[in-house]
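Under numbering that gives the first Met the number 0, the first residue of the sequence shown is numbered 0, with each subsequent residue one higher. Structure first, commentary second.
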Amino acid sequence: MNIYTLDSPLALGGTAAKYAGEKIAAALAAQGYANIILATGASQFEVLRHLAIAESIDWSKVTIFHLDEYIGLPASHPASFRKYLSERFISQIPEPRAVHFVQGDAPDSQAECDRVGKLILSHPIDVALIGIGENGHLAFNDPPADFETEQPFIVVQLDEACRRQQLGEGWFPDFDAVPDKAISMSIRQILKSRCLIVSVPDERKAIAVKNAVNGPLSPHCPASILRAHDNCHIFLDHLSSSLL
């Protein structure tokens, strides 16, 4: 695990995006294509903004997956991660090779897990851009997370802390409006990525960062599993790193 501390969320985003761009470009040079994972949420605003203007990436050779989606939310909902990525990133770059969204409003959630799971298994991930939740979650794997399942995507129950984070970030009008279930990429699938780039700004993430970096490696802090990955790079600002 490599940790980089920047002065501000803006500097964090630019630095993480530059590193991600270099890794994506290296994959393109080595094999002629790249498969990547993109996260959403407030932590990714600056990362995605900077990555979208990277000049070294031929997006026509890049396949994009995303981490998770609320069950029951249409892509038109303001909190939909499909809407987030479409507006904040996909529409800002030349047309990529493919984009594989998780359809949270699919009539059969398990069938949707199976569908996107088969896709990602045939597209080994070169670079994953992810974050850490206030409760230490990775994707929507809330504590205690399942560290054992080999299923690439799973149906998960969202805990109160996770749902309150979504409310606090302004994605929903009230707590009851926050869905309590989602489809999430599993922990083991995230760890299969060749390179993990983890962006974690903001003081409200400081306890989660401390537990992930210095606490027990435990499903009760899902992000602690990042220490088991041999090519993981965590980008912090002075607030999120304040308890280290």
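Even for Gly, the Cβ is constructed at its ideal location relative to N, Cα and C.
The Cβ atoms of residue 234 and residue 15 sit closer than 8 Å to each other.
The residue among 141, 148, 147 and 146 with its C-alpha nearest the C-alpha of residue 162 is 141. DSSP places residue 83 in the helix class (H, G or I) of the three-state scheme. Excluding sequence positions up to five before and after residue 204, its CB lies within less than 7 Å of the CB of 131, 133 and 239, all in the same chain and listed in chain order. Residue environment: residue 108 is assigned as buried (16 or more neighbouring CB atoms within 10 Å of its CB, all protein chains considered).
Around residue 4, the same chain offers 235 and 240 as residues with beta carbons nearer than 6 Å, after the five sequence neighbours per side are excluded.
The beta strand (DSSP E) runs lying completely inside the region 54–111 and spanning 3 residues or more are 61–65, 67–69 and 97–99, given in chain order. For residue 32, no alpha helix (DSSP H) encloses it, and the DSSP letter there is neither H nor E. With the rule of 3 Cβ pairs closer than 8 Å, the region 83–91 counts as touching the region 39–48. Measuring C-alpha to C-alpha distances from residue 191 to each of 121, 31 and 104 identifies 121 as the nearest. Unbroken beta strand (DSSP E) runs of no fewer than 3 residues, entirely contained in the region 209–242, are found at 231–236, following chain order.
Only exposed fits residue 29, as fewer than 16 other CB atoms lie within 10 angstroms of its CB. Taking the Cα of residue 10 as reference, the smallest distance to any Cα among 209, 219 and 200 is reached at 200.
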